[in-house]
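What follows is a single structure, written as structure tokens, with notes after it.
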Amino acid sequence: MSQQDQKFKNLVAHCKEYGFIYQSSEVYDGLAAVYDYGPNGVLLKNNIKSYWWKSMVQMQENIVGIDSAIFMHPKTWKASGHVDAFNDPLIDNKDSKKRYRADQLVEGYCEKIQKKIDKEVTKAQKRFGDDFDKDQYLSTNPRVVKYQEDIDGIMKRMADAMTADNMVALKELIEELGIADPENGSKNWTDVRQFNLMFNTQLGNISGEEGKLYLRPETAQGIFVNFLNVQKTTRQKLPFGIAQIGKAFRNEIVARQFIFRMREFEQMEMQFFIKPGTQKDWYDYWKKTRLEWHKGLHDAEKLRYHDHDNLAHYADAAVDIEFQFPFGFRELEGIHSRTDFDLSAHQEVSGRKIQYFDPKSNESYVPYVVETSIGLDRMFLATMATALQTEMVPGQDDPNNTREVLKLHPALAPIKCAILPLKKNDERIVALAKSVFNKLRGSIQCMYDDTGSIGKLYRRQDAIGTPYCLTIDFDSLEDNCVTVRDRDSLVQERVSIDELKAKILPSVDMGNLLEGK
Ligand code: GAP
């Protein structure tokens, strides 16, 4: 197993062991690609939501929030294009009976070529040492140039086939490249066919097609159909945005990589309504703004842009912000220039005028939209992947003395402060520890824990990312102070119980993250 695979395996195990994420319906052997958040997971997830919401609504002058229903009128999805075009190309292997996404098989083939490039680069780096110029090498080494041309050619053929909805061409590509089933090596494939990703259900009081309802595959449509309601009731002038956090559902064909690709997940989306003709500027603005936001939590080299080759049916430009997950760079957030596609489509299908009267130019028009869309669960995974570290215990020389610590920003940490009585059988210590707990918990997310030795309790709090541990000992009974241990530096200091709030509250405040501290 590669080091990266091992790291990912540890991360998944850590999420379960410390109450962050469980497989859904585990007692029935689980439900594929559906997960539940545990006690620490839900706290972290709520903090991430709050960080996004405050950044996108509270900190903005012209963005407001809504919370629309998951169920929407079925015509919504006809108008939005999801009934006809929200498909993935599906292919089955006749021998293994396994089902795959045809585009992912081709991408997997290209990833193998990319690995060959990476190998050549590593070798050359070793050979040339400090003199190595990676860009020059990539553009001049004949073998690497040929590999890159192969990737570009294959990806272009795939994008063309997908854009033209040409499933025959996609199958031909798979056969030509000799792509085999990763399970058993068989090349005995069915034809490629389109598979709609929307889940549907039925209204109880209407039978047949009329009563067919969809579980929304994106939260954005709830924003589009409320555009006029929000604009009128808040008297917003263009440009302005509407933000929303909520569940979305997709019947993913291949759901792998833990919470990266789920069938039920949460999105945090913002639609920014603008004057037609200004979309290029706003697209650039949100592309840059959102990348900067991610840099507040992750190193810049773990983030990159990836322009879409194969545009969604509603977009005239689209870019992904990719994050380096333990299994490679993958999409974390999408920025899409959605033109007036959605509002115009709802106007046409509903027969209602959905337009904005521009008091500056004295004209009515259908606004254009630039969207930012991020998966909350992917953000959770990225946050955990960055935060989880195995490090040598600070201040100790023994290389075998390591600890697992979740270095979350204190504002995101599920528990801000753990209250640990040194002796759980001493009534006076327990009474004082409980009184500290009661004093703090109204304003700080605290945890009281007396279930082990102090060393074990510290390790457990490190593993869930608690920035402060407060130990109540015999001295506390005399001096009314507790020992405050800092998660990262491990520095311990005595702090008066009366000053605890003033010490802890400012450092766990979300304002620090929002102001880049
Ligand atoms: N409204 C636009 C839209 O839905 P998308 O690129 O299909 O665009 C946006 O999805 C984001 O939602 C992605 O960048 C990803 O973070 C998240 N996402 C999409 N499908 C997901 C899935 N199956 N599981 C978890 N997150 C998903």
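With the working numbering applied, the sequence shown covers 854 to 1370.
The beta-carbon is built from N, C-alpha and C at its ideal position, and this holds for glycine as well.
Give me the residue from the options with the minimum Cα distance to residue i.
i       : options                               : result
Gln1074 : Gly934, Asp1162 and Ile966            : Gly934
Ala1264 : Ala886, Lys907 and Asp882             : Lys907
Arg1143 : Leu1050, Lys1090, Glu1122 and Gln1132 : Glu1122
Arg1281 : Asp1251, Thr1304, Ile1325 and Lys1141 : Ile1325
Cys1334 : Leu1343, Asp1341, Leu1323 and Gln857  : Leu1323
Met1008 : Ile1027, Leu1285, Ser1360 and Leu864  : Ile1027
Thr1072 : Ile1227, Asp1034 and Gln1177          : Ile1227
Phe1093 : Phe1327, Tyr1301 and Met909           : Met909
Ala1170 : Tyr1136, Gly1181, Gln1314 and Lys1148 : Tyr1136
Glu870  : Ser1360, Ala1316, Asp1339 and Ser1342 : Ala1316
Gly1130 : Ile970, Val1246, Ile923 and Val1222   : Val1222
Ala1033 : Ala1266, Thr1054, Val1348 and Leu958  : Leu958
Ala886  : Val1258, Met1237 and Arg1116          : Arg1116
Tyr1218 : Glu1224, Gln1200, Asp937 and Asp983   : Gln1200
Pro1220 : His1189, Lys1090 and Tyr1209          : Tyr1209
Asp956  : Ala1022, Lys1309 and Phe1052          : Ala1022
Val1348 : Asp1341, Met1363 and Ser1329          : Ser1329
From the DSSP secondary-structure annotation, give me the bridge partner or partners of residue i.
i       : result
Gln876  : Tyr888
Val1172 : Asp1160 and Ile1188
Lys1065 : Gln1055
Thr1225 : Met1123 and Ile1188
Asn1049 : Asn940
Leu1259 : Leu1241
Arg954  : Leu943
Val1202 : Bridge partners of Val1202: none, in fact.
Arg1183 : Phe1176
Glu1216 : Asp1211
Ile916  : Gly1094
At which residues does the beta strand (DSSP E) containing residue i begin and terminate?
i       : result
Met1121 : Glu1117 to Ile1127
Lys1140 : First-last for Lys1140: Gln1132 to Lys1148, but that is the alpha helix (DSSP H), not the beta strand (DSSP E).
Leu1030 : Where Leu1030 is concerned, there is no enclosing beta strand (DSSP E), given that its DSSP letter is neither H nor E.
Leu1366 : Taken as a continuous stretch (DSSP letters only), Leu1366 belongs to no beta strand (DSSP E), being part of the alpha helix (DSSP H) at Met1363 to Leu1367.
Gln1242 : Leu1241 to Met1245
Leu1323 : Tyr1321 to Ile1325
Gln1110 : From DSSP, Gln1110 is part of no beta strand (DSSP E); its letter is neither H nor E.
Can you tell me whether residue i is buried or exposed, with buried defined as 16 or more other CB within 10 angstroms of its CB?
i       : result
Glu1119 : buried
Lys1206 : exposed
Pro1320 : buried
Leu1293 : buried
Arg1046 : exposed
Ser1039 : exposed
Val1337 : buried
Glu1002 : exposed
Tyr1158 : exposed
Gln857  : exposed
Ser1296 : exposed
Arg1231 : buried
Tyr962  : buried
Phe981  : exposed
Ser1288 : exposed
Pro1247 : exposed
Ala938  : exposed
In three-state terms, what does DSSP make of residue i?
i       : result
Gly961  : helix
Ile1095 : strand
Asn1291 : helix
Lys987  : helix
Leu864  : helix
Ile1207 : coil
Ala1101 : strand
Asn899  : helix
Tyr871  : coil
Arg1231 : helix
Ser921  : coil
Asp971  : helix
Ile1297 : coil
Ser992  : helix
Gln1177 : strand
Val910  : helix
Val1348 : strand
Pro1359 : helix
Tyr904  : helix
Arg1281 : helix
Go to residue i, then tell me how far its alpha helix (DSSP H) extends in each direction, as first and last residue.
i       : result
Pro1274 : Here Pro1274 belongs to no alpha helix (DSSP H); instead the beta strand (DSSP E) covers Cys1270 to Pro1274.
Arg1312 : Ile1307 to Ile1317
Asp1339 : Run containing Asp1339: none in the alpha helix (DSSP H); it sits in the beta strand (DSSP E), Cys1334 to Asp1339.
Val997  : Pro995 to Thr1016
Val1083 : Phe1080 to Thr1087
Ser1039 : Counting along the chain, Ser1039 falls outside any alpha helix (DSSP H), and DSSP gives it neither H nor E.
Closer than 7 Å, CB to CB, is residue i near chain B or not?
i      : result
Leu864 : Absent here is chain B; the protein component of the structure consists of one chain.
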